[in-house]
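Heads up, my numbering is the position in the sequence shown plus 28, with the first residue counted as 1. Take a look at the structure set out below.
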Amino acid sequence: MKISDIHIKMFRAGSGDCILLEFEKADFRILIDGGFVETYQQELRPYLRMLSKKGKHINLLIISHIDQDHINGIKALLKENGNSNSPKIIKIDEVWFNGFRHTEVKRDKKDISHYEEAVLRTLANKNGYLEKADGSREISYMQGNSVAELLIKNNYHWNTSVKGSSISTDTIRHMTFGNITFQVLNPTQKILNELAEDWLWMLKAKCKQVIISENSLFDDAFEGSYIGEHEDWFVTKKDISNDRENKEYNWKLIAEEDDEKADAKLSNRSSIAVLISYKGIKLLFPGDCAIHFFEDMLPDKIDIVKLPHHGSGKNADKNFIRNTYVSYYLISTNGKHQEHPSPKIIANILTKAPGHPMIIKNYDIPILEGIGKLEREEIG
29 MKISDIHIKM
39 FRAGSGDCIL
49 LEFEKADFRI
59 LIDGGFVETY
69 QQELRPYLRM
79 LSKKGKHINL
89 LIISHIDQDH
99 INGIKALLKE
109 NGNSNSPKII
119 KIDEVWFNGF
129 RHTEVKRDKK
139 DISHYEEAVL
149 RTLANKNGYL
159 EKADGSREIS
169 YMQGNSVAEL
179 LIKNNYHWNT
189 SVKGSSISTD
199 TIRHMTFGNI
209 TFQVLNPTQK
219 ILNELAEDWL
229 WMLKAKCKQV
239 IISENSLFDD
249 AFEGSYIGEH
259 EDWFVTKKDI
269 SNDRENKEYN
279 WKLIAEEDDE
289 KADAKLSNRS
299 SIAVLISYKG
309 IKLLFPGDCA
319 IHFFEDMLPD
329 KIDIVKLPHH
339 GSGKNADKNF
349 IRNTYVSYYL
359 ISTNGKHQEH
369 PSPKIIANIL
379 TKAPGHPMII
389 KNYDIPILEG
399 IGKLEREEIG
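Written out as structure tokens, the structure reads:
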């Protein structure tokens, strides 16, 4: 889709996120997340190669948080792209990503034990099973390669805008690239620290004598643990899309259902959420963080909102939808897992949102049949 001179490409990423923003006149491109490996292989890689052949590059890559459906496509890109000084796919100026090193956990200069090293290596390779876009799993060909490892090994500029610190509300509130301004809304440093402490509690349950050192294995194990943390990791996921076929919805009635409790899952709460401003146009990209946690920082009018966590009812509330003037809501999901998007969220957009916003989707899914437009349609 296009609004003004901003092209928004919402790649078909299964149940994940992979979004490219191209600011035509500013000659600036932002890639937010990479979906699954399949997303990269089938959707993202061909597009990036096309851009590169035209002499274009990615100015900023934002990896919102550690989760299979956001990060695995980026791992595939970084692995194939190789050294950032001589990229094989496309040049990337800077990467925003928060790893274990961006928490305030105190490190020791002592060496870790062989046993602790073995535990960390096991955790680093926890994602030995790779979840695919359709929900099935296969042995991961990327086992053992973390984003942190790939960024360091290949000399990427990692959080250089904040001199290598965390991308958080404590280190950066506003950042300007030319006439494009970023307001960082989330995470706080406190949330990043809580995520690390949560992980260390689990690590200490496996290894009682823990020395937290500067060893890069901590980055790898931290990332591997959260990539593989799904509660239903070894349970076959039910494809719920068929349940929604030919189903009739009373949208006005559904809109009055009570809000669900805000998603407080730490890995989702750690998402990098940004409000981007350009020529008076405002775009909100919250990763999977519930809007509840930074709602008081938002303006009354936002042109484009990417619904967090694929339209989950735990990540947006009626208050936001009913009191914020939004032109377009973006929903990235194939609708096959976890009841995404929530009927209550859709109902409130359709019946209660001011200004009659347009829903933009990247799949024609049953719950959105006849509603909104597909991303590939020219809009604006």
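Glycine included, C-beta positions come from ideal geometry on N, C-alpha and C.
- Secondary structure at E405: coil, using DSSP grouped into helix, strand and coil.
- The alpha-carbon of L402 is positioned some 16 Å away from that of E71.
- Relative to L311, the option among E66, A301 and E52 whose CA is nearest is A301.
- Each residue's CA atom was taken as its position, placing I393 and N351 some 27 Å apart.
- The DSSP-derived three-state label of M38 is strand.
- In this structure, the alpha-carbon of M29 lies about 7 Å from that of K37.
- Looking only at H384, T361, S370 and H365, the smallest Cα-Cα distance to N390 is reached by T361.
- The alpha carbon of H368 has as its nearest neighbour, out of A344, I349 and H384, the alpha carbon of A344.
- The residue among K275, K236 and D247 with its C-alpha nearest the C-alpha of E177 is D247.
- Where R350 is concerned, the enclosing alpha helix (DSSP H) starts and stops at K346 to N351.
- According to the DSSP secondary-structure assignment, T204 is paired through a beta bridge with T209.
- Every beta strand (DSSP E) stretch that sits fully inside the region 100-135 and reaches 3 residues is listed by chain position as 120-124.
- Annotated as proximal: I395 and I374, with beta-carbon spacing under 8 Å.
- In this model, Y356 and I349 are separated by some 12 Å (Cα to Cα).
- Apart from sequence neighbours up to five positions away, the residues of its chain that approach T209 with a beta-carbon distance below 8 Å are H202, M203, I304, S305 and Y306, ordered along the chain.
- In the DSSP assignment, E50 forms a beta bridge with H35 and R57.
- With contacts defined as CB atoms closer than 8 Å, G315 and S299 qualify as a contacting pair.
- Beta-bridge partners assigned by DSSP to N214: A301.
- L281 sits exposed, since fewer than 16 C-beta atoms from the chains shown fall within 10 Å of its C-beta.
- With a cut-off of 8 Å on Cβ pairs, the region 78-87 is in contact with the region 42-59, counting three or more such pairs.
- Scanning its chain for C-beta atoms nearer than 6 Å, with the 5 sequence neighbours on each side dropped, one finds around I219 the residues R297 and S298, in chain order.
- As summarised for the region 229-255, the continuous alpha helix (DSSP H) elements at least 4 residues long and confined to that stretch are 245-255, given in chain order.
- Take the alpha-carbon of H142 and the one of W124: they are about 32 Å apart.
- Per the DSSP secondary-structure output, I395 pairs with nothing in a beta bridge.
- If you ignore the 5 residues before and after G400, its C-beta comes within less than 7 Å of the C-beta of M386, I387, I388 and K389, all in its own chain and listed in chain order.
- Between D139 and H185, the CB-CB gap reaches or exceeds 8 Å.
- Bounds of any alpha helix (DSSP H) do not take in L312; it lies within the beta strand (DSSP E) bounded by I309 to F313.
- Excluding the 5 residues flanking it on each side, L245 has same chain C-beta neighbours closer than 7 Å at E145, L148, R149 and A152, in chain order.
- Taking 8 Å as the upper bound for CB-CB distance, S189 and I180 are not in contact here, some 17 Å apart.
- In this structure, DSSP gives S196 a state outside helix and strand, which the three-state scheme calls coil.
- Comparing C-alpha distances from P336 to each of E66, P327, F322 and K329 shows the shortest one belongs to F322.
- Check the Cα spacing between G383 and each of I332, K293 and E405: the tightest is with I332.
- The secondary-structure analysis by DSSP pairs Y357 across a beta bridge with V333 and I387.
- L89: not part of any alpha helix (DSSP H); member of the beta strand (DSSP E) spanning I86 to I90, first to last residue.
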